[in-house]
Structure formats: structure tokens, C-alpha cells
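First comes the structure, then the notes that go with it.
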Amino acid sequence: MDLQPLRAFDDNYIWLLHDQTGGAIVVDPGEAEPVLAAAEDGLRPTAILLTHHHADHVGGVPSLLEHWPELPVVAPPDPRITCANRIAHDGDAIEVGGRTFKALSVPGHTSSHVAFHLEEEGEAVVFSGDTLFSLGCGRMFEGSPAQMLASLSRLAGLPGLTRLCCGHEYTMSNAAFAAAVEPHNPDLRQRTREAQAMIDAHRPTLPSSIASELACNPFLRCGQPEIVATVAHRLGREPVDAVEVFAELRRWKDGFSA
């Protein structure tokens, strides 16, 4: 699969999934300019996928439709997304651009958030929006800890080689938090070194993989003894369950600074 991240705003990624004919599916174009610049270099958009309603993920769609008015625009069922012309419900097979994605409902960051999962010819990718990040997860603007943890667990259950394409370049800030939570994780230390080398070379740290996230991302590791112990120290008692571990990690992360 030919994946290309386009930088937008300060730290957003717009994802392009290219095909062999020069077409590309565009994921979460929060602004139109990076896509239009790519079009000047030969990009031909074939569809737009939207994971959730936030402006930094959908704001560029109206301008793109001015240039390509027939484009399919697929989004979750949410009246706040007014630019969509196709709806993606949980479990739907979404056929666009010659490919078939599976829509996965992953609420928590927003109430209607979806991810788009694609498997073909032994490869797989998931566009996770702002639910699962490299070494982190999204803030819970419209969901509960139990809901968000269930969504993360659903993504974590995808095949390990699945490439994770998320909506922001947060890897290094997330790595600092992950190290505070689980300082003795050797996989995390290795991932952090690799990501820093990518940043130093002015390269994206993405895509990650589900296997890497399972090994390194504290929000997917709420049952690991070191993480449970860290949370217990913060709470002053043993956490009741994984949901409480996750909830405390998310509260901690919301106010964390390295």
C-alpha cells in the first residue's frame, strides 16, 4: 500500500492512499491547501474519508468539492458533518476508489468517531483519526473512560502488522508520558529512539503498527504490572479494574508536561 502523509496546520496529518493509476483516497483533509498542492504534482483524488467532525479533520472538504464535485465523501452519521454524501455505520463495507474498507465505530474522543480499516493482498492499514495515536490516545471530549477503552481495545485487536495512520504527529510528546508511566519498558525505549531519529531527519514518525502500539503504548497496556503499580501509587490504592487504570492515565496525561 502506497501511503503518504501530508502535513496540515501545526501537527495534523492528511493521509493519501495511492493506487496504481495515479488516484488517491484522501483521509481527514482539515485544510484543502496541502491536497491542492499535491494535485499540482499529479494527485487525482478518488474519494474522501472522514473519521470525525472536528474542523481540523473536515474543514478542507468544501474547497476540495469545488474542484472535484463528484467525489464520494464518507463520514460517520453525525449532523455536524454537513459535507458528507455517504454515511459509514459500524461494520459497513465502504467501497471507494476501487478499495473496500470496513468502518469501525470507535467513540470516546467524539460520540460518532469511526476508523477505516483496509486489508488487501496481505497488507493492512487503519485510519484511526484521533482515537488511537502513536504511543497515546485522544482526549475524551464526548465519551466515558469505559467507552474509550473499549474503542482502543477494538483497534488493538486488529492484526499486528496493520499500519496505524493517525491524525496528529504526537509521538515524541506521547513518548515522554509513556516513559513516566512505564519507565522500564525496553520496547518503548527503542521506539522512542527510532522516532527521535525520524524527527531529526525531518521525517514523519508514522505510520506505526498495531504490534508496536501493543508493545509500547500505555493506553493499550492497562493490565501490565508496572503500569498498574504506577497508577496504584497515584491513587494511593489498588485500581479497581482496567477502566480505572485507563481513566487515571488519561487524567494524568491531560495535565502532563515533560
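Residue numbers (UniProt numbering): 1 to 258.
Built from N, CA and C at the ideal position, the CB exists for glycine as well.
Model, not experiment: these values are computed from the prediction.
Please list, in chain order, all residues of the same chain as residue i whose beta carbon is under 8 Å from its beta carbon, the five residues on each side excluded.
| i | result |
| --- | --- |
| L249 | V181, P218, F219, C222, I227, V231 |
| D90 | A103, L104, S105, V114 |
| A47 | I25, V26, L71, P72, V73, V74, V96, G97 |
| F9 | G30, E31, D56 |
| R99 | L17, D19, I25, L118, E120 |
Starting from residue i, follow the alpha helix (DSSP H) in both directions and report where the run begins and ends.
| i | result |
| --- | --- |
| E119 | Unbroken run through E119 is the beta strand (DSSP E), 114-120; no alpha helix (DSSP H). |
| P72 | Neither: P72 is in no alpha helix (DSSP H) and is coded neither H nor E. |
| A84 | Segment: none, A84 is in no alpha helix (DSSP H) and carries neither H nor E. |
| residue 262 | Nothing about residue 262 can be reported from this structure: the residues present for the chain run from 1 to 258 only. |
| H57 | 55-58 |
| V231 | 225-235 |
| N174 | 171-181 |
| V240 | Taken as a continuous stretch (DSSP letters only), V240 belongs to no alpha helix (DSSP H), as it is neither H nor E. |
| P34 | 33-40 |
Nearest-angstrom Cα distance between residue i and residue j?
| i | j | result |
| --- | --- | --- |
| L104 | S208 | 19 Å |
| Q4 | L17 | 7 Å |
| L235 | E244 | 10 Å |
| L118 | P239 | 36 Å |
| V58 | L188 | 32 Å |
| A229 | A37 | 49 Å |
| A124 | K253 | 29 Å |
| H168 | G157 | 22 Å |
| P159 | E121 | 14 Å |
| M1 | D19 | 8 Å |
| E40 | D241 | 52 Å |
| C83 | H233 | 47 Å |
| C137 | A211 | 15 Å |
| D56 | P225 | 37 Å |
| F256 | R163 | 27 Å |
| A195 | D92 | 34 Å |
| E142 | L155 | 18 Å |
| R237 | P183 | 20 Å |
Between which two residues does the beta strand (DSSP E) harbouring residue i extend?
| i | result |
| --- | --- |
| T17 | According to the sequence as given, residue 17 is Leu; it is not Thr. 12-18 is the extent of the beta strand (DSSP E) around L17. |
| V126 | 123-129 |
| residue 267 | The question about residue 267 has no answer, for the chain in this structure spans 1 to 258. |
| R139 | Segment: none, R139 is in no beta strand (DSSP E) and carries neither H nor E. |
| T46 | 44-49 |
| A24 | 23-27 |
| L164 | 163-166 |
Which partner residues of residue i appear in the DSSP bridge assignment?
| i | result |
| --- | --- |
| P190 | Residue identity differs from the one stated: residue 190 is Gln in this sequence, not Pro. Bridge partners of Q190: none, in fact. |
| D2 | H18 |
| L249 | According to DSSP, which records beta bridges pairwise, L249 is partnered with nothing at all. |
| A146 | A146 is not bridged to any residue. |
| L132 | C137 |
| R221 | Answer is none; R221 lacks a bridge partner. |
| S209 | R163 |
| A8 | N12 |
Can you list, in chain order, the residues of its chain whose CB lies under 6 Å from that of residue i, leaving out five sequence neighbours each side?
| i | result |
| --- | --- |
| P204 | P5 |
| F246 | P145, L149, C222 |
| H67 | none |
| H52 | T110, H113, G129 |
| Q147 | P107, G108 |
| residue 260 | With the chain covering only 1 through 258, there is no way to say anything about residue 260. |
Rounded to the nearest angstrom, how far is the Cβ of residue i from that of residue j, given a contact under 8 Å?
| i | j | result |
| --- | --- | --- |
| D71 | A32 | The sequence shown places Leu at residue 71, rather than the Asp named in the question. With 8 Å as the limit, L71 and A32 do not qualify as a contact, their Cβ atoms being about 12 Å apart. |
| residue 290 | I14 | Summary: the structure shown does not reach residue 290, with the chain confined to residues 1 through 258, and so no result is reported for it. |
| L152 | L132 | 6 Å |
| G60 | G97 | Rounded, the Cβ-Cβ distance is 18 Å, inconsistent with contact. |
| F127 | L49 | 6 Å |
| D11 | Y170 | 7 Å |
Report all residues from its chain with a CB closer than 7 Å to the CB of residue i; omit the five preceding and five following residues, and keep chain order.
| i | result |
| --- | --- |
| I199 | M172, T205 |
| P77 | I87, H89, S112 |
| C216 | L135, A178, N185, D187, L188, R191 |
| R80 | H53 |
| G42 | G22 |
| M140 | G108, H109, M148, R250 |
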